[in-house]
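S.K.: Residue 309 in numbering that gives the first Met the number 0 sits at position 310 of the sequence shown; the count goes up by one each step and never skips.
The beta carbon of each residue, even a glycine, is placed where N, CA and C say it ideally should be.
Treat the numbers as computed from the prediction; the structure is a model and nothing was measured.
Below: one structure in structure tokens.
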Amino acid sequence: MTNQIASLAARLAAVERRLDSTSRTAQLAYSSIEDGAINVFDDDGSLRAVIGQQPDGTTGVNVVNGPTPPTPSQPTVTAIPGGVAATWEGTFADAVAAPLDFARVEVHAAGLDNFTPGVATLRGTLESPRGGTLTIPAEQALYVRLLTRSSSGVASPPSAQSGPVAPGPVVAQAVLDGIVGETALAEGAVSRAKLQIGAVGHNQLAIGTGNLMPDPSFEGAFTEQLVAANSQWTLVDGNGSPKALRVNGTSATAASPSLRITELPVSPGNRFFLAFDYRVSADWAGNSVRFYLRWQDAAGAVLGYGTAIATPTPGAVWARVSQQVQAPAGTVTATVWLQDFQATAGTADFDNAEIRTVIGGGMVLAESIGTLELAAQSVTGEKVVAKSLTAREIKALSLTGDEIATNTLTARNIAAGSLSASRLAIGTNGNLVGDPSYETGVVAAGLAGQDPAVFAVEDGGNNSAKRLRITSAAGAYRWVQHATSPVLPGDRYWIAADYKTTADFTGASVKLFLGFYDEAGTRLGSDGIVVTAPVTDGTWQRISKVITVPANSTQANMRIGVDGTGSTTTAGSAYFDNLECRAVLSTPGSGARAELSPQGLRLYDESGGEAVSLTTGTPNYVTLTNDGTAVATIDQDGNTGVADLAVAGTLTIGGDPFETYLASFARGLVAVDYQASSVTAGSTEYGFVELSFDADASRMYRIVLDCYADPSAAGGELVVTLRDGGAQTPSISSPQIQSVTYPMPTAGYQRIHLETIRSGAAFKTGLHRLLTTFRCQSGPSGQTVRLFGGTTYQGVMYVEDVGPYVPETGVYNVGGGTTTPPKKTYTKTYAASWSGSYANRGAYNSYYGNQCLQGYYSSTNGMQASLIGFPASLGTDLSGATIQKAEVFLYFDHWYYNSGGKAVIKAHKLTSRPSTFSSDSESQTISWGKNVGKWVDITAVFDSTSWRGIALDPNNSDLNYYGRAQGVGQTYPPQLRVTYTK
């Protein structure tokens, strides 16, 4: 009895050791946060941050329930004309620096002394922790108070109150108006010679706001008269207007049918903005369509042309082109013309023509233009002579975004170096690069004097209409510099650009730089990116970098170029598009801080090291700290280290759910009964102990009865039987599943043992009520026997789970040496030996290498499928075998939808990667998460020993099926695990 108990204890100890060995691995080494978030709590249990999926469905880092921010210092309030100016110096009454969750400082003002700040008193906000000034319009004396607002919405106590301060007086306009009326001036008395340059301000002129083109949309009688006199020209439906002009350009030889519209009085040096809509028929053939002014002197002689030129695409929709032109010396008049230049076939349409006067800076009184004088978005680039608008004409800090139409006031309209920081209120969200996609014509105009074989703006950008081409040359650095923008030392900017090259590009590098200048325009240096080995496969590539502005810098500009310096074999061209230079938002200092840029969010710890990186294009990771000590980390490879872990869903290790590991071990006792009394039987079978359990078809079970027998007389045999009543009450007539016979040569105690091992499949899944019965036979007449256990030597009957199902593989062997060897069960794992993707379910797509794509994304590759193959040893092992189970491990690092997608798995018989796709038609569809690697059972489709690999082939354009699995040579390559008998 002692040996049996010791044996049982040893088996339990072995099970514990095996279970312990499975947990000696890194915690959550390959896990991800699926459809959830990590909550960050403080020592009091209050929620402070949510990292991951937010309650509204978005994903990010959300700070909540933050502490109360410090109180701002008392503001300084001064009187200004028509209001007061409230200034905060960027300091706090109860703190030395702004908190890391600083959001803004609210400025509150009211006419009541000792007022309480509220929604009604809020006059504006200061967004920078460095301080600032807010102008408050007022008609009465005001008191002003400040309060700090954190990023979690918590407000500080209000600052000390300042005031009351009354608004400053405004000079009455009556002092300036009405001194000289128009009746006091003789007709023609004020001529050009009588006006000092700059003496006439905006209030004295209404120039350039009207269109000088008569009947610009060609809808009136004026145009009808023109058409009536010119048979080649007709009226058709317009572009957003009822009418447009059409000219038939069909001609045996190239001709330029033109239509004279009108004549305008012009002075030398006058500038005009020209623009028109155009469209040509699908069969149009010609050089260009044009809208131009023909300059003429007093005698009518032609002095030149100012032309807006468009090169149309036949059959395309309406488009628009614009151009600024200047009248040469001697010009008195200009005639206005439309022209289909050098045409031989098809028709050309014109609509919505514009001719507008452009005002030069010398015509405007110094500092006479402020925000009150400009209608919202009334100043656009075409209204300003290139580089003629200087700081002299603009009031300090008066020109804001409300007065300028989006992307219209560009560098070519502002004189170099004329706008300093004192003249601008610089924003933090906009792109500082003018004409970043080369679509506004600014850069194209700047390149007008360059060799078009070297520099040119062409059609065909990266998701934009235009791109810049720079052709390389041996020993030369060729570059294009964009407009200058004001910067401050220490500020950080994110610069980026798209580039691609021609297939023959060689011997040169691609460069993207930000150059820095001081107030005098002296170049201080530059920082940027050098691509020494550009990608030459014809695809667009994105390059980017974060730059810090050096000391003494006040200006910066972006430069892109192709550098063939030092090379003698340079060839090909590089194309550029979508340039960006954007400010990186950061809290002050080099220690603990937060940075937000177009790349994403970075958080730094007290030592200045990156703790959280949630960015695009660079590795992402998260480190959580407590009082400066790291307590949890998710690194850039997805490895995670935490203290305690609670998993509500599925815990997966190496692609297998943790339950799979547990299932490979014995689960131990599932039912037990102890006997401390006796039951007596004679020669008629009698029941002893009933024990029930639930059988699982995937498990193996041991059933044991171990107790004592005591015959009443020597002789005969004891027969003990195990019967299964299933879910019904068992009896002595229930099916017998095992028995044991013991001789009883003497009267007295003897130990008896009945044992059987049986699969759950043999039992069949469900409840089973087991019954042990016994009787004596072949003994003396009247013999009885009792089965029993005592209080200190109990009998026991138990059902034990001994592990997962094991198929029967033994054979009879009579010992003659000729018997077929018994079968054995094997479980082997095979790493994939080859993989690849196939465009349009046809030819192998070498662009993706060994990656495995499936589904439809665009017409470029059409309906994609993949093949994955395994080594020749798979075929050798499966020859003559019977497959019990087949599983595949795949890691999907991308799905079209963030929630995941559906993998469609098939089998194939290919032994090496073919040039064209083929597979079996039987498929299995399995839902898969993003950045999830897991083992899945594919026995349903991988059911033949002739299969050699799998295919990913949904053949379905639904975007739920578009995904990418990692292939051979990547971090988590495919694997196949086969359990077979042989």
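Applying the criterion that 16 or more other CB atoms from any shown protein chain within 10 Å of the CB defines a buried residue, is Phe647 buried or exposed?
M.R.: Reading the sequence shown from its first residue, position 648 is the one you call residue 647. Residue identity differs from the one stated: residue 647 is Ala in this sequence, not Phe. Ala647 should be labelled exposed.
S.K.: With DSSP as the reference, label Ser836 as helix, strand or coil.
M.R.: On the sequence shown, residue 836 is found 837 positions in, with the first residue counted as 1. Correct three-state label for Ser836: strand.
S.K.: Check whether the Cβ atoms of Val703 and Tyr797 lie closer than 8 angstroms to each other.
M.R.: Counting from 1 along the sequence shown, the entry for residue 703 is found at position 704. Counting from 1 along the sequence shown, the entry for residue 797 is found at position 798. Against a cut-off of 8 angstroms, the Cβ pair of Tyr797 and Val703 comes out as a contact.
S.K.: Give, in chain order, every unbroken run of the beta strand (DSSP E) that is at least 3 residues long and sits entirely within the region 886-913.
M.R.: You should have 900-907.
S.K.: What are the complete beta strand (DSSP E) segments, minimum 3 residues, inside the region 588-638?
M.R.: 592-596, 599-603, 609-614, 620-625, 628-633, all fully within the region 588-638.
S.K.: State buried or exposed for Thr745, treating a residue as buried only when at least 16 other CB atoms are found within 10 Å of its CB.
M.R.: In the sequence shown, the residue the question calls residue 745 occupies position 746. Burial call: exposed.
S.K.: Using the C-alpha atoms, what's the distance from Gly123 back to Leu146?
M.R.: Numbered from 1 along the sequence shown, position 147 holds the residue referred to as residue 146. Numbered from 1 along the sequence shown, position 124 holds the residue referred to as residue 123. When rounded, the distance between both Cα atoms is 11 angstroms.
S.K.: Give a yes or no on whether the C-beta atoms belonging to Leu769 and Leu690 are separated by under 8 angstroms.
M.R.: Looking up residue 769 in the sequence shown gives position 770. Looking up residue 690 in the sequence shown gives position 691. Cβ distance < 8 angstroms, so Leu769 and Leu690 count as in contact.
S.K.: Where do the N-terminal and C-terminal ends of the alpha helix (DSSP H) with Gly445 fall, by residue?
M.R.: For the purposes of this step, residue 445 is taken as residue 446 along the sequence shown, with counting starting at 1. Its alpha helix (DSSP H) spans residues 441-445.
S.K.: In this structure, does DSSP put Glu799 in helix, strand or coil?
M.R.: Your numbering for residue 799 matches position 800 in the sequence shown. Three-state result, Glu799: strand.
S.K.: Mind the definition here: the region 303-312 touches the region 321-340 only if three or more C-beta pairs lie below 8 angstroms; say whether that holds.
M.R.: Contact holds: three or more Cβ-Cβ distances are below 8 angstroms.
S.K.: Ignore the nearest five residues each way along the sequence and tell me which others in Trp336's own chain have a CB closer than 7 angstroms to its CB.
M.R.: On the sequence shown, position 337 is the one that residue 336 refers to. So the list reads Ser257, Leu258, Arg259, Ile260, Tyr291, Arg293, once near-sequence residues are dropped.
S.K.: Give me, in chain order, the residues of the same chain whose beta-carbon lies closer than 6 angstroms to that of Asp214; leave out the 5 immediate sequence neighbours on both sides.
M.R.: Locating residue 214 in the sequence shown gives position 215, where the first residue counts as 1. So the list reads Phe221, Thr222, once near-sequence residues are dropped.
S.K.: Starting from Arg262 and walking both ways along the beta strand (DSSP E), at which residues does that stretch end?
M.R.: Within the sequence shown, residue 262 is the residue found at index 263, counting from 1. Residue 262 is actually Glu in this sequence, not Arg. Unbroken beta strand (DSSP E) run through Glu262: 257-264.
S.K.: Out of Asp957, Asp936, Ile904, Glu921, state which residue places its alpha-carbon closest to the alpha-carbon of Ile949.
M.R.: As a working note, residue 949 is residue 950 in the sequence shown. It is Ile904.
S.K.: Run through DSSP, which three-state label would Tyr843 get?
M.R.: Start at 1 with the first residue of the sequence shown, and residue 843 comes out as number 844. Note: Tyr843 maps to strand in three-state DSSP.
S.K.: State the Cα-Cα distance for the pair Ala662 and Val977, rounded to the nearest angstrom.
M.R.: In the sequence shown, residue 662 corresponds to position 663, counting from 1. In the sequence shown, residue 977 corresponds to position 978, counting from 1. Near 17 angstroms, if we compare the C-alpha coordinates of Val977 and Ala662.
S.K.: Tell me where the alpha helix (DSSP H) around Ala830 begins and ends.
M.R.: Counting from 1 along the sequence shown, the entry for residue 830 is found at position 831. Per DSSP, Ala830 belongs to no alpha helix (DSSP H); it is in the beta strand (DSSP E), 824-830.
S.K.: Going by DSSP, what residue range makes up the beta strand (DSSP E) through Ser676?
M.R.: Within the sequence shown, numbered from 1, the residue matching residue 676 stands at position 677. Segment: none, Ser676 is in no beta strand (DSSP E) and carries neither H nor E.
S.K.: Which one or two residues does DSSP pair with Trp232 in a beta bridge?
M.R.: By one-based count along the sequence shown, residue 232 stands at place 233. Looking at the DSSP assignment, Trp232 forms a beta bridge with Val246.
S.K.: Counting along the chain, where does the alpha helix (DSSP H) carrying Ala662 start and finish?
M.R.: Locating residue 662 in the sequence shown gives position 663, counting from the first residue. Residues 657-662.
S.K.: Would you list the one or two residues that DSSP bridges to Asp562?
M.R.: For this step, residue 562 is matched to residue 563 along the sequence shown. DSSP output for Asp562 lists Tyr476, Ser508 as bridge partner(s).
S.K.: From the DSSP output, in three-state form, read off Asp952 for me.
M.R.: Position 953 of the sequence shown holds residue 952. Asp952 falls in the coil class under three-state DSSP.
S.K.: Could you check what DSSP says for Thr252 in three-state terms: helix, strand or coil?
M.R.: Taking the first residue of the sequence shown as 1, we reach residue 252 at position 253. In this structure, Thr252 counts as coil in the three-state DSSP scheme.
S.K.: Look up Leu960 in the DSSP assignment and say whether it is helix, strand or coil.
M.R.: Here residue 960 refers to the residue found at position 961 when the sequence shown is read from its first residue. The amino acid at residue 960 is misidentified as Leu; the sequence shows Tyr. In this structure, Tyr960 counts as helix in the three-state DSSP scheme.
S.K.: Does the Cβ-Cβ distance between Ala102 and Arg144 come in under 8 angstroms?
M.R.: For this step, residue 102 is matched to residue 103 along the sequence shown. For this step, residue 144 is matched to residue 145 along the sequence shown. Taking 8 angstroms as the Cβ cut-off, Ala102 and Arg144 do not qualify as a contacting pair.
S.K.: If you pair each beta-carbon of the region 732-741 with each one of the region 714-721, do three or more pairs fall below 8 angstroms?
M.R.: Contact between the region 732-741 and the region 714-721 is present, because at least three Cβ pairs lie under 8 angstroms.
S.K.: Terminal residues of the continuous alpha helix (DSSP H) containing Val967?
M.R.: Taking the first residue of the sequence shown as 1, we reach residue 967 at position 968. Counting along the chain, Val967 falls outside any alpha helix (DSSP H), and DSSP gives it neither H nor E.
S.K.: Look at Cys775 and Pro710 and say whether their C-beta atoms are less than 8 angstroms apart.
M.R.: Position 776 of the sequence shown, counted from the start, is the residue given in the question as residue 775. Position 711 of the sequence shown, counted from the start, is the residue given in the question as residue 710. Yes, Cβ-Cβ distance for Cys775 and Pro710 is below 8 angstroms.
S.K.: How is the beta strand (DSSP E) around Phe290 delimited, first residue to last?
M.R.: By 1-based counting over the sequence shown, the position of residue 290 is 291. Per DSSP, Phe290 belongs to the beta strand (DSSP E) from 287-295.
S.K.: For Ala631 and Ala642, which I take to be in contact (beta-carbon distance under 8 angstroms), what is that distance rounded to the nearest angstrom?
M.R.: As a first step, residue 631 is located in the sequence shown; it is residue number 632 there, counting from the start. As a first step, residue 642 is located in the sequence shown; it is residue number 643 there, counting from the start. Indeed, because the Cβ distance is near 7 angstroms, the residues count as touching under 8 angstroms.
S.K.: Please state the DSSP three-state secondary structure of Ile925.
M.R.: Walking along the sequence shown from the start, residue 925 turns up at place 926. Note: Ile925 maps to strand in three-state DSSP.
S.K.: Report the option in Glu353, Asp655, Ser943 whose CA atom is closest to the CA atom of Gly209.
M.R.: Translated into the one-based positions of the sequence shown, residue 209 becomes position 210. When only C-alpha atoms are compared, the closest one is Glu353.
S.K.: At the level of alpha carbons, what is the spacing between Gly778 and Tyr707?
M.R.: The residue labelled residue 778 in the question sits at position 779 within the sequence shown. The residue labelled residue 707 in the question sits at position 708 within the sequence shown. Distance between the alpha carbons of Gly778 and Tyr707 is about 18 angstroms.
S.K.: Roughly how many whole angstroms lie between the Cα atoms of Ser596 and Thr614?
M.R.: Within the sequence shown, the letter at position 597 stands for residue 596. Within the sequence shown, the letter at position 615 stands for residue 614. If I take the Cα positions, the gap works out to 9 angstroms.
S.K.: Does Asn625 have its Cβ less than 8 angstroms from a Cβ in chain C?
M.R.: In the structure shown, chain C cannot be found, because there is only a single protein chain.
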